[in-house]
């Protein structure tokens, strides 16, 4: 399941908070440097996740990012504009492959199955930052001085200690720059672009005394190609011997909110759910650009007001000043809609002088929501739209839930569809599922090709997606058989309320299922899907008792190429989850349809399995035993029984001790139970 440039789900990182500071004089700010290249495909894939991480409000105050553009693997116009600077810093940071991140001069360890220093591995970045001191004996402030063609800065260092033979580095950074053809990887919008170091890439040796040290940086000429209003200056103190960055500061413009404790996402039924009011001011003066983007169901409307003036979707110029607070209003108005999408979003971006960039999203979730779509895949941006498009053409009102909003919803009120792609459940995912299932009244649709692998395969050593066989058996009601079933086809179980009539390829979609998990039903679970035509190779199960209902598939819907099949797969699963029949009596009565397999026991004295049946009608019953790899280890036994209680026997005296599965079919309905043979 490991790939070098594997992306990590955004739903893992959005809610992380940094530990509280210890008592010290100054808060530590972290310089985060990325080596990238405009012709590097993995850079284009990972940078959106990295930028999303950097833009989180708690990271905006904690991290100062800068991008160095390498001269490999291909063409990069930003490197070509200043190759000496970029190549020197790439070499200084020991970067031999891109994309690669350094935090205060150190490489984050890989948190999962990616690689150390991957920009998309934001858990690894977080872990490194959390392990470092959160305070510093010094503070750096940068005052930017800019004319039409020159830029300089004054760097002020306040320190409680003496430091000798350290380096002061100062760089001009461009907040954002659009290039139609900067390289070959398709990226067009580039952020945090290093443009020039002042006075040189070598920095200045500096002695810092307790108290205040002020350094005036000589002016540099502004290149006409740069966006002058996007320029700002960053400065940092670094120990060249260890590469540790002791402190950093920036003149980059900020937007300060006077009331940033508002809830940016709300459910429609809440009081004043559709109105947000904010007051803000910038740290720089000048002409700013307000961009309004909306994503609304048909019939919904949104308005944005600034100081009483109403704005529509698009861009507009607005003058702002640090001395005057601006009043911002956002309103989302829902209405009856033919759309199945049940969330409306307004995204505001404010950009302006000194690289100011501020983004907030406002979300209104419909009171009619029926399905919550939780994203847990490996970060492939093409996967969620597959589920969204399928649900949009289905029968239920749904919303793709932003990870920061998940805690808003009580699971008992919705079907929770969790798509895991080719990733595995993290420790937090397991805790979330366990706590909600323990609370009861859940309806969970769990889909993913590596869920079983992560929970039960001995070769999984990733601590972020830990093995937990107890959880798999007792909460997912499934037994892991093996990774990477080779079948290209999934067939629904005959007469099964979900699988009946479905037959589709899982290797014709946007992400072919080359490593789908083969599973077996745990106690009380029933197979709904098989790989190929063999009922010994289970692809998906369903389980229900008096408190919870679950559908678990060992493959992803993104591997299915036909929209109609995906719609049926999701619709029928959701319909069953909303139903009333149960598959198990573990915590409640069983329906007559599901009650025929009562109990299985092993008698070591005579080497026989005893199978107790309770049949509601006259039935033809077949029994067969399988090992954990799904291989048949007994002759198939077939018998005709009348209605009522019956007992059947299987001779297993020649089988070794171990775990086996007894498959029982009665009138087209199939049940499987686990039996442990101990001699």
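Numbering (this note's numbering), first residue to last: 12 to 690. Think of the CB as a built atom: it goes at the ideal place given N, C-alpha and C, for glycine as much as any other residue.
Checklist entry - Under a three-way DSSP split, which group does residue 209 fall into? => result Stepping through the chain shown from its first residue, residue 209 is reached at position 198. In this structure, residue 209 counts as coil in the three-state DSSP scheme.
Next on the checklist: Beta-carbon within less than 8 angstroms of residue 309's beta-carbon, same chain only, minus the 5 sequence neighbours each way: which residues are those?
Outcome noted: Residue numbering aside, residue 309 sits at position 298 when the chain shown is read from its first letter. Answer for residue 309: 348, 349, 350, listed in chain order.
Item to check | Euclidean distance between Cα positions of residue 85 and residue 433 | outcome: In the chain shown, the residue the question calls residue 85 occupies position 74. In the chain shown, the residue the question calls residue 433 occupies position 422. Straight-line Cα distance between these residues: approximately 30 angstroms.
Checklist entry - Between residue 548 and residue 200, what straight-line distance do the alpha-carbon atoms span, to the nearest angstrom? => result One-based indexing of the chain shown puts residue 548 at position 537. One-based indexing of the chain shown puts residue 200 at position 189. So the two alpha carbons sit approximately 47 angstroms from each other.
Checklist entry - Is residue 298 near residue 363, with beta carbons less than 8 angstroms apart? => result Indexing the chain shown from 1 puts residue 298 at position 287. Indexing the chain shown from 1 puts residue 363 at position 352. Yes, Cβ-Cβ distance for residue 298 and residue 363 is below 8 angstroms.
Checklist entry - Where does residue 602 fall in DSSP's three states? => result Locating residue 602 in the chain shown gives position 591, where the first residue counts as 1. Its pLDDT being 36, under 50, residue 602 is placed unreliably by the model, and the measurement read from it follows with that caveat. Three-state result, residue 602: coil.
Next on the checklist: So residue 636 and residue 608 are supposed to be a Cβ contact under 8 angstroms. How far apart are they, rounded?
Outcome noted: Your numbering for residue 636 matches position 625 in the chain shown. Your numbering for residue 608 matches position 597 in the chain shown. In fact, because the Cβ distance is near 14 angstroms, the residues do not count as touching under 8 angstroms.
Checklist entry - If you run the structure through DSSP and keep just helix, strand and coil, what is residue 39? => result Locating residue 39 in the chain shown gives position 28, counting from the first residue. Coil.
Checklist entry - Hey, residue 554 and residue 535 are a contact pair by Cβ (cut 8 angstroms); roughly how many whole angstroms apart? => result Taking the chain shown and counting its residues from 1, the one referred to as residue 554 is at position 543. Taking the chain shown and counting its residues from 1, the one referred to as residue 535 is at position 524. Rounded, the Cβ-Cβ distance is 6 angstroms, consistent with contact.
Checklist entry - Which residues bound the beta strand (DSSP E) around residue 462? => result What you label residue 462 is simply residue 451 of the chain shown in a count that begins at 1. Careful: residue 462 lies outside any beta strand (DSSP E), inside the alpha helix (DSSP H) at 462-467.
Checklist entry - DSSP state of residue 580, grouped into three classes? => result To locate residue 580, count along the chain shown from 1; it is residue 569. Of the three classes helix, strand and coil, the one that applies to residue 580 here is helix, per DSSP.
Item to check | Exposure of residue 674, with buried meaning 16 or more beta-carbon neighbours within 10 Å | outcome: By 1-based counting over the chain shown, the position of residue 674 is 663. Residue 674 is buried by the Cβ-count criterion.
Checklist entry - Taking the alpha carbon of residue 423 as the point to measure from, which residue in 560, 41, 618, 40 has its own alpha carbon closest? => result Sequence index remark: in the chain shown, residue 423 carries index 412 (1-based). The candidate whose alpha carbon is nearest that of residue 423 is 560.
Next on the checklist: By DSSP's criteria, residue 731 is part of a beta bridge. Which residues make up the other side?
Outcome noted: The structure shown does not extend to residue 731, since the chain is modelled only from 12 through 690, so no value can be given for it.
Checklist entry - In angstroms, rounded to a whole number, what distance separates the CA positions of residue 598 and residue 449? => result If you number the chain shown from 1, residue 598 lands on position 587. If you number the chain shown from 1, residue 449 lands on position 438. Here the model assigns residue 598 a pLDDT of 25, short of 50, so the residue's position is not dependable, and the following value carries that caveat. About 12 angstroms.
Checklist entry - Does the region 216-226 touch the region 261-276, meaning 3 or more C-beta pairs lie closer than 8 angstroms? => result no
Item to check | Cβ distance (whole Å) where residue 164 is taken to contact residue 102 below 8 angstroms | outcome: Within the chain shown, numbered from 1, the residue matching residue 164 stands at position 153. Within the chain shown, numbered from 1, the residue matching residue 102 stands at position 91. Actually they do not touch by this definition, with Cβ atoms about 25 angstroms apart.
Checklist entry - Is residue 684 buried or exposed, if buried means 16 or more other CB atoms sit within 10 Å of its CB? => result Sequence index remark: in the chain shown, residue 684 carries index 673 (1-based). The residue in question, residue 684, is buried, as its Cβ has 16 or more Cβ neighbours within 10 Å.
Checklist entry - If we count the other Cβ atoms within 10 Å of its Cβ and call it buried at 16 or more, is residue 105 buried or exposed? => result The residue given as residue 105 occupies position 94 in the chain shown. By the 10 Å Cβ count, residue 105 comes out exposed.
Next on the checklist: Going by C-alpha to C-alpha distance, which of 529, 360, 439 sits closest to residue 328?
Outcome noted: For the purposes of this step, residue 328 is identified with residue 317 of the chain shown, where counting begins at 1. Selected option, being the one with the closest Cα: 360.
Checklist entry - Looking at C-beta atoms only, is the number of pairs between the region 180-193 and the region 371-379 that lie closer than 8 angstroms three or more? => result no
Checklist entry - By Cβ distance below 8 angstroms, which residues in the same chain neighbour residue 305 in space, the five residues on each side in sequence not counted? => result Within the chain shown, residue 305 is the residue found at index 294, counting from 1. Contacts found: 313, 324, 355, 356, 357, 358.
Item to check | Close beta carbons around residue 381, own chain, < 6 angstroms, minus the five adjacent residues each side | outcome: Position 370 of the chain shown, counted from the first residue, corresponds to residue 381. For residue 381, where only same-chain residues beyond five positions count, the Cβ hits under 6 angstroms are 407, 408.
Next on the checklist: Buried or exposed, going by whether 16 or more other CB atoms sit within 10 Å of the CB of residue 241?
Outcome noted: Walking along the chain shown from the start, residue 241 turns up at place 230. The residue in question, residue 241, is buried, as its Cβ has 16 or more Cβ neighbours within 10 Å.
Item to check | Alpha carbon of residue 245 to alpha carbon of residue 196, nearest angstrom | outcome: As a first step, residue 245 is located in the chain shown; it is residue number 234 there, counting from the start. As a first step, residue 196 is located in the chain shown; it is residue number 185 there, counting from the start. Answer to the nearest angstrom: the Cα atoms are 28 angstroms apart.
Checklist entry - Whose C-alpha, out of 56, 205, 91, is nearest the C-alpha of residue 131? => result Counted from its first residue, the chain shown places residue 131 at position 120. It is 56.
Item to check | Limits of the unbroken alpha helix (DSSP H) element including residue 286 | outcome: Your numbering for residue 286 matches position 275 in the chain shown. From DSSP, residue 286 is part of no alpha helix (DSSP H) but of the beta strand (DSSP E) over 286-293.
Checklist entry - Out of curiosity, what's the CA-to-CA distance linking residue 99 and residue 384? => result Numbered from 1 along the chain shown, position 88 holds the residue referred to as residue 99. Numbered from 1 along the chain shown, position 373 holds the residue referred to as residue 384. Their backbone Cα atoms lie some 45 angstroms apart in a straight line.
Checklist entry - Got a sec, what are the start and stop residues for the beta strand (DSSP E) residue 420 sits in? => result Against the chain shown, residue 420 aligns to sequence position 409. It is not in any beta strand (DSSP E) - residue 420 carries neither H nor E in the DSSP assignment.
Checklist entry - Would you call the CB atoms of residue 149 and residue 168 closer than 8 angstroms? => result As a first step, residue 149 is located in the chain shown; it is residue number 138 there, counting from the start. As a first step, residue 168 is located in the chain shown; it is residue number 157 there, counting from the start. Cβ atoms of residue 149 and residue 168: closer than 8 angstroms.
Checklist entry - Nearest to residue 514 by alpha carbon, out of 502, 265, 588, 523? => result As a position in the chain shown, residue 514 is number 503, starting the count at 1. Residue 502 is the option with its Cα nearest to residue 514.
Item to check | Where residue 143 falls: helix, strand or coil (DSSP) | outcome: Along the chain shown, one-based indexing puts residue 143 at 132. Note: residue 143 maps to coil in three-state DSSP.
Item to check | Bridge-paired residues (DSSP) for residue 164 | outcome: Within the chain shown, the letter at position 153 stands for residue 164. 155, 228.
Checklist entry - With a CB to CB cut of under 6 angstroms and the five nearest residues on each side skipped, what residues in its chain are close to residue 477? => result Stepping through the chain shown from its first residue, residue 477 is reached at position 466. Taken in chain order, the residues that qualify are 438.
Checklist entry - Which whole-angstrom value describes the C-beta separation of residue 181 and residue 209, a residue pair presumed to lie in contact below a C-beta threshold of 8 angstroms? => result Here residue 181 is taken as the residue at index 170 of the chain shown, counted from 1. Here residue 209 is taken as the residue at index 198 of the chain shown, counted from 1. That belief holds up - the Cβ atoms of residue 181 and residue 209 are roughly 5 angstroms apart, short of 8 angstroms.
Checklist entry - Which term fits residue 471, buried or exposed, when burial requires 16 or more other beta carbons within 10 angstroms of its beta carbon? => result Taking the chain shown and counting its residues from 1, the one referred to as residue 471 is at position 460. So residue 471 ends up on the buried side.
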